[in-house]
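In what follows, a single structure is set out as structure tokens and then discussed.
There are 2 protein chains.
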Amino acid sequence: MTTDERVMENTGLDWHSLYAQRTHRMANSAIRELLKVTEQPDFISFAGGMPAPEVFPVDEVRAVGDRILRDAGPTALQYGRTEGYGPLRQLIAQQMTNEGIPCTSDNILITTGSQQAIDLLGKIFIDLDDRVVMESPTYLATIQAWNSYGASYVGVDSDDDGIVTEHLEGTLQSGDKLLYCLPNFQNPGGVTLSAERRRDVVELAMTRGVPIVEDDPYRELRFEGEHLRRLIDIDSENRSEGGAVYRGSVMYLSTFSKTLAPGLRIGWVVAAPEVISELTMAKQGVDLHTAMFNQMIAYELSASGFLDRHSRDIIRAYKERRDTMLVAMEEYFPSNVRWTRPQGGMFLWVTLPDGMNAAAVLQDAIPHRVAFVPGAPFHPTGGGENTFRLNFSNASPDKIRLGIERLGEVLQQRAGESPRR
Amino acid sequence: MTTDERVMENTGLDWHSLYAQRTHRMANSAIRELLKVTEQPDFISFAGGMPAPEVFPVDEVRAVGDRILRDAGPTALQYGRTEGYGPLRQLIAQQMTNEGIPCTSDNILITTGSQQAIDLLGKIFIDLDDRVVMESPTYLATIQAWNSYGASYVGVDSDDDGIVTEHLEGTLQSGDKLLYCLPNFQNPGGVTLSAERRRDVVELAMTRGVPIVEDDPYRELRFEGEHLRRLIDIDSENRSEGGAVYRGSVMYLSTFSKTLAPGLRIGWVVAAPEVISELTMAKQGVDLHTAMFNQMIAYELSASGFLDRHSRDIIRAYKERRDTMLVAMEEYFPSNVRWTRPQGGMFLWVTLPDGMNAAAVLQDAIPHRVAFVPGAPFHPTGGGENTFRLNFSNASPDKIRLGIERLGEVLQQRAGESPRR
Numbered sequence: 009m010t011t012d013e014r015v016m017e018n019t020g021l022d023w024h025s026l027y028a029q030r031t032h033r034m035a036n037s038a039i040r041e042l043l044k045v046t047e048q049p050d051f052i053s054f055a056g057g058m059p060a061p062e063v064f065p066v067d068e069v070r071a072v073g074d075r076i077l078r079d080a081g082p083t084a085l086q087y088g089r090t091e092g093y094g095p096l097r098q099l100i101a102q103q104m105t106n107e108g109i110p111c112t113s114d115n116i117l118i119t120t121g122s123q124q125a126i127d128l129l130g131k132i133f134i135d136l137d138d139r140v141v142m143e144s145p146t147y148l149a150t151i152q153a154w155n156s157y158g159a160s161y162v163g164v165d166s167d168d169d170g171i172v173t174e175h176l177e178g179t180l181q182s183g184d185k186l187l188y189c190l191p192n193f194q195n196p197g198g199v200t201l202s203a204e205r206r207r208d209v210v211e212l213a214m215t216r217g218v219p220i221v222e223d224d225p226y227r228e229l230r231f232e233g234e235h236l237r238r239l240i241d242i243d244s245e246n247r248s249e250g251g252a253v254y255r256g257s258v259m260y261l262s263t264f265s266k267t268l269a270p271g272l273r274i275g276w277v278v279a280a281p282e283v284i285s286e287l288t289m290a291k292q293g294v295d296l297h298t299a300m301f302n303q304m305i306a307y308e309l310s311a312s313g314f315l316d317r318h319s320r321d322i323i324r325a326y327k328e329r330r331d332t333m334l335v336a337m338e339e340y341f342p343s344n345v346r347w348t349r350p351q352g353g354m355f356l357w358v359t360l361p362d363g364m365n366a367a368a369v370l371q372d373a374i375p376h377r378v379a380f381v382p383g384a385p386f387h388p389t390g391g392g393e394n395t396f397r398l399n400f401s402n403a404s405p406d407k408i409r410l411g412i413e414r415l416g417e418v419l420q421q422r423a424g425e426s427p428r429r
Numbered sequence: 009m010t011t012d013e014r015v016m017e018n019t020g021l022d023w024h025s026l027y028a029q030r031t032h033r034m035a036n037s038a039i040r041e042l043l044k045v046t047e048q049p050d051f052i053s054f055a056g057g058m059p060a061p062e063v064f065p066v067d068e069v070r071a072v073g074d075r076i077l078r079d080a081g082p083t084a085l086q087y088g089r090t091e092g093y094g095p096l097r098q099l100i101a102q103q104m105t106n107e108g109i110p111c112t113s114d115n116i117l118i119t120t121g122s123q124q125a126i127d128l129l130g131k132i133f134i135d136l137d138d139r140v141v142m143e144s145p146t147y148l149a150t151i152q153a154w155n156s157y158g159a160s161y162v163g164v165d166s167d168d169d170g171i172v173t174e175h176l177e178g179t180l181q182s183g184d185k186l187l188y189c190l191p192n193f194q195n196p197g198g199v200t201l202s203a204e205r206r207r208d209v210v211e212l213a214m215t216r217g218v219p220i221v222e223d224d225p226y227r228e229l230r231f232e233g234e235h236l237r238r239l240i241d242i243d244s245e246n247r248s249e250g251g252a253v254y255r256g257s258v259m260y261l262s263t264f265s266k267t268l269a270p271g272l273r274i275g276w277v278v279a280a281p282e283v284i285s286e287l288t289m290a291k292q293g294v295d296l297h298t299a300m301f302n303q304m305i306a307y308e309l310s311a312s313g314f315l316d317r318h319s320r321d322i323i324r325a326y327k328e329r330r331d332t333m334l335v336a337m338e339e340y341f342p343s344n345v346r347w348t349r350p351q352g353g354m355f356l357w358v359t360l361p362d363g364m365n366a367a368a369v370l371q372d373a374i375p376h377r378v379a380f381v382p383g384a385p386f387h388p389t390g391g392g393e394n395t396f397r398l399n400f401s402n403a404s405p406d407k408i409r410l411g412i413e414r415l416g417e418v419l420q421q422r423a424g425e426s427p428r429r
């Protein structure tokens, strides 16, 4: 008797037939399963997507947390507005306005991490079999979130300059529900959408009447070069009528998970007030509101200017880790393996020779106590079996060097080639 | 030109036609709109569902929060497992086991407030037009959450002993997706399902193969009398095979919002491991995990026994408020108005004479600086225009007395009758 049969006998119920059919389309996340294997301390994992715990501003969170509870304890512990903590919404609106996008609080919704923003957008936009266009590869948890609403994905190739706009032009159709894009240091690819392509993406989406979801968690983690204009910047400029409030068709997602701490679960959406209003209604049914205490901590540390200063420390640490990883890859990886060279963020992307299977490489790698995430699940419409993702933010430089050396040995055996130098 | 037309002109997009059709089925919450009107300080609002801020254990949260960040800061600020913080899951599993329901961590999912558990259950169980049977009236935000999955509601009357099981027997069908029930001090009705009816509800649901969602946020707020056996207790006992792990068909929801603080957003589900596994997959796409810091605070305050002691203080405060409200209602409300006498929780329920409209009474009441929530939106399939809900947990006893006096005057004018004494 299988476990399932035992369950049915014990409960008198067939759970599986009771679940909505859409459940079965939810991908079992490769990341989640891997995390369980790689939690032993002697393991070097490039598989997760975690910030370095060393950069968390523990003392500062401790100090403002204590002050908030002392001065405004009942507010921090009480139910709050679904839209979010007022001063935090105002602060973000002011920051956007300062950066050239006219916003008020009505343009801002605070979410329980940026992941919730993705889920809520799926909830209000996507019906069964609606077409959603996205880069391939793209963020795994967006695929998973929108699977539950029955999205039909259309993947568009990306290269070192991000989504290939010539291909997007031939793909994007009027009537597509959303165009989903991660323009900066993309997860998983590590690539950044070029300035020229950003203009083309906004133009194409506007012409065909397709709203854009600009998912931008890594923007503040730029190691070199200047910030590029966001899709929402370009869209706002294109709308010549001006006015006091952004009413464009880009929905911009950001988060405190990379600059402050992911464990607090605070993200936000910037969008037209009509969209914020619909998202707020949806959020009310989903979790009523985001934790007040956490929003107040994020507000205090952002309003004081601390997070801007702190981001420079994070950048310094992550840049060293990226550099360490790239140097070690040059040294240890076979010459027929290629990879991206991200200007920021937390991930880079490896492409093996055609026909080599990254999942098989992972199986070889695990006995060597090193892991990564195979690339296939990041592809919304298949492919990518010869690709994988490496995270460089979480492990220390020493561990990165050792882990890449181990992985290089595995790859050399598989690829039958030596390192390029 | 209307606002909508201006939006369309400005954006080149028709947002409303872009939203999924299901969005339009989301009820615009009466509570949310009302809260905006009643936020002025001289207003006495019985409309919200908020705990008394005076009973929040601010000092204790401050002390354990500080200690957690000092001793385990990086864990509190890092990403965590989707299932929840391990020690908290184990603690809840142990508590359930001690209470006679054999549980391990595999039976427990930590959620971002109990509201998220409701949403996730909708996501995995409910497809368009699936029948869901529930008490009428019932919790408004469940109706709202499950609207977004296209639930088709079937309401069953309740009286002073909870859902009327004779009516449930004629209503509940094999193939119904869920039976949703709030057995203790129900929101909004304030009534408690009797011991005999609890047995009947479990028996009926088991016979017809319908899983039960037992939503039980107020259980710890019992002012008098003994705890009644939960539906999950009865279900667990009925499964004679025993065994180490609960595999029954009741999904039990609880929360730290009433005993600790709602602003931390920590709730949980107890269910068969197969259900927890599906809920966990769904939660991953929804918000990855619940805030770690907050889970650790809840764990520390629960494991130390503080919350058990603290609940007694909350009970003392709320019992005084309930008593104050009931005495004032006897004094000021017309003799042709009826109401429930809850043994716990935060709400009671008022029934006006047939033909009197609670929404109209509310309009009269607002100039008198007092408010409540009209009962109609709590009815999943209509009705209840002559009913309304009063919250007694949030206002101080003095304000409760004054607010009921104001409301009594409004009701006397409408009802044309004097108080019964």
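Respectively, the protein sequence lines represent chains A and B.
When the letters of the first sequence are read in order and numbered with my numbering, they come out as residues 9 to 429.
When the letters of the second sequence are read in order and numbered with my numbering, they come out as residues 9 to 429.
Yeah, the Cβ is synthetic: ideal placement off N, Cα and C, and Gly gets one too.
- Query: Using a beta-carbon distance below 8 Å, is Q103(B) in contact with chain A?
  - Reply: no
- On the three-pair Cβ rule with 8 Å, is the stretch 213 to 223 of chain A touching the stretch 260 to 277 of chain A? yes
- According to DSSP, which residues form a beta bridge with G163(B)? M142(B)
- Message: How far does the beta strand (DSSP E) with N399(B) in it extend, from its first residue to its last?
- Response: 395 to 399
- List, in order along the chain, the chain A residues whose C-beta lies closer than 8 Å to that of P95(B)? Within 8 Å Cβ-Cβ: nothing; P95(B) doesn't reach chain A, min ~15 Å.
- Alpha-carbon to alpha-carbon, R97(B) and F51(B): 41 Å
- If you count every other CB in all the chains shown that lies within 10 Å of the CB of V335(B), and 16 or more means buried, which is it? exposed
- Query: Hey, is L77(A)'s beta-carbon within less than 8 Å of any beta-carbon in chain B?
  - Reply: yes
- Out of F54(A), G183(A), G198(A), state which residue places its alpha-carbon closest to the alpha-carbon of L190(A). G198(A)
- Query: Cβ of S113(B) within 8 Å of Cβ of P388(B)?
  - Reply: no
- With DSSP as the reference, please indicate the residues paired to R409(A) in a beta bridge. None, per the DSSP bridge assignment.
- Label P59(B) either buried or exposed according to how many other C-beta atoms from any shown protein chain fall within 10 Å of its C-beta, with 16 as the threshold for buried. buried
- Task: Mind listing, in chain order, the continuous alpha helix (DSSP H) runs of no fewer than 4 residues lying wholly within the stretch 89 to 129 of chain A?
- Result: 94 to 106
- Message: Tell me which residues share the same chain as A269(A) and place their Cβ nearer than 6 Å to its Cβ, disregarding the 5 neighbours each side in the sequence.
- Response: F64
- Is it buried or exposed for L136(A), if we count other Cβ within 10 angstroms and need 16 for buried? exposed
- Of all the options L309(B), H376(B), L201(B), which has the alpha carbon lying nearest to the alpha carbon of G352(B)? L201(B)
- Query: Among the residues of its own chain, which have a CB less than 7 Å from the CB of I132(A), if the five just before and after it don't count?
  - Reply: E286, L287, A290
- Ordered list of beta strand (DSSP E) runs contained in the stretch 186 to 268 of chain A, each at least 3 residues: 186 to 189, 220 to 223, 258 to 263
- Query: If you run the structure through DSSP and keep just helix, strand and coil, what is V418(A)?
  - Reply: helix
- Item | Inter-residue Cα distance where the pair is G92(A) and S122(A) | 14 Å
- Message: Assuming A149(B) and L296(A) are in contact, meaning their beta carbons sit under 8 Å apart, how far apart are those beta carbons, in whole angstroms?
- Response: 7 Å
- the stretch 109 to 127 of chain A: positions lying closer than 7 Å to chain B by Cβ: T120, G121, Q123, Q124, D127
- Message: I want to verify the contact list: residues of chain A whose CB lies under 7 Å from the CB of K131(B), in sequence order.
- Response: S156
- Opposite S53(A) in the DSSP bridges: which residues? A379(A)
- Are the CB atoms of E228(A) and K185(A) nearer to each other than 8 Å? no
- Message: Counting only Cβ pairs nearer than 7 Å, list the residues of chain A close to Q152(B).
- Response: Q292, G293
- Query: Distance, Cα to Cα, V141(A) vs L236(A)?
  - Reply: 22 Å
- Message: Please report the straight-line C-alpha distance between V430(A) and D67(B), rounded to a whole angstrom.
- Response: This structure does not reach residue 430(A), given that chain A is present from 9 up to 429, and the question cannot be answered.
- Message: Determine, for P82(A), whether the minimum Cβ-Cβ distance to residues of chain D falls below 8 Å.
- Response: Considering every chain present, this structure includes no chain D. Its protein chains are A and B.
- Message: Taking CB distances under 8 Å as the criterion, tell me whether A55(A) reaches chain B.
- Response: no
- Query: What does G73(B) touch in chain A if you count any residue whose Cβ is under 9 Å from its own?
  - Reply: R70, G73, D74, L77, F301
- What do you get for G416(A), buried or exposed, if any count of 16 or more other CB atoms within 10 angstroms of its CB means buried? buried
- Reducing DSSP to helix, strand and coil, say where G353(B) ends up. coil
- Query: With A159(A) and D138(A) assumed to form a contact (beta carbons below 8 Å), what rounded beta-carbon distance in angstroms separates them?
  - Reply: 6 Å
- Query: In chain A, which residues lie less than 7 Å from V209(B) when you measure between Cβ atoms?
  - Reply: Result: empty, since nearest Cβ-Cβ is about 16 Å, beyond 7 Å.
- Task: Within its chain, find whatever has a CB closer than 8 Å to the CB of T31(B); leave out the 5 residues flanking it on each side and keep chain order.
- Result: Per-residue confidence for T31(B) stands at a pLDDT of 36, beneath the threshold of 50, marking its modelled position as unreliable; the derived number appears in the next sentence. Correct list, in chain order: S156.
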